[in-house]
Each structure stands twice: as structure tokens, then as C-alpha cells.
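According to this note's numbering, the sequence shown is numbered sequentially starting from 6.
The beta-carbon is built from N, C-alpha and C at its ideal position, and this holds for glycine as well.
Here's the structure, in C-alpha cells; my notes come after.
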Amino acid sequence: MINKKKPERTCMGCNEQKEKNSLLRIVRTKEGLIEVDPTGKKNGRGAYICKSEDCLNKVIKTKRLERIFEREISPEIYENIRGVIIDK
């Protein structure tokens, strides 16, 4: 029996590779909206982050999400992400 490898992605905060389904996906849609993608299937440019506040704080401090999506990220979006991480 062949062991199928699970997809991995790199967290923006800690730069560790983890299984895709253990990370939170943030997506920039074609309309330019930045939103949390709990399903991991929305169309658009995706970025992944661990479900930890430490990683989120690093992303905010280094403006990593802004560089990935090449646009300014409002504090409301970061608070939205924080809410999802805390609720996990």
C-alpha cells in the first residue's frame, strides 16, 4: 500500500512546515478582499499561519502579510484573524 503524503505549507509567523489542515489560511480574493478561509478552498492568493497568537503577533510586527499580498492590511483584518485563532 502506498502512503500518500499529506500536503504541507509554511507558516508565515514561525516559518515551520506543517500539515496544511493544521494551519489557518488567509486569502486575497480576486476582488482584493483579505479574509480568513476556514475551508481552505476559496479562490485567490493564499497564505498560511499557525493557530497561535505568537505567530500572528510576529506576522503583524514584521508586516509579512502585507508583503505577501502586496497591499496594506487593516487592523480589523488582524483582529478578525485573532478572533478565529482564539476561538479554535
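In the three-state DSSP reduction, T44 falls in the coil class, being neither helix nor strand. Closest option to T67, judged by alpha-carbon separation, among K11, K35, C55 and M17: M17. Note on geometry: alpha-carbon atoms of T44 and I54 lie some 14 Å from one another. Between R87 and E40, the CB-CB gap reaches or exceeds 8 Å. For E58, the enclosing alpha helix (DSSP H) covers residues E58 to T67.
Note on geometry: alpha-carbon atoms of L28 and R76 lie some 22 Å from one another.
The Cβ atoms of K10 and E24 do not sit closer than 8 Å to each other. As computed with DSSP, I54 is found in a beta bridge with L29.
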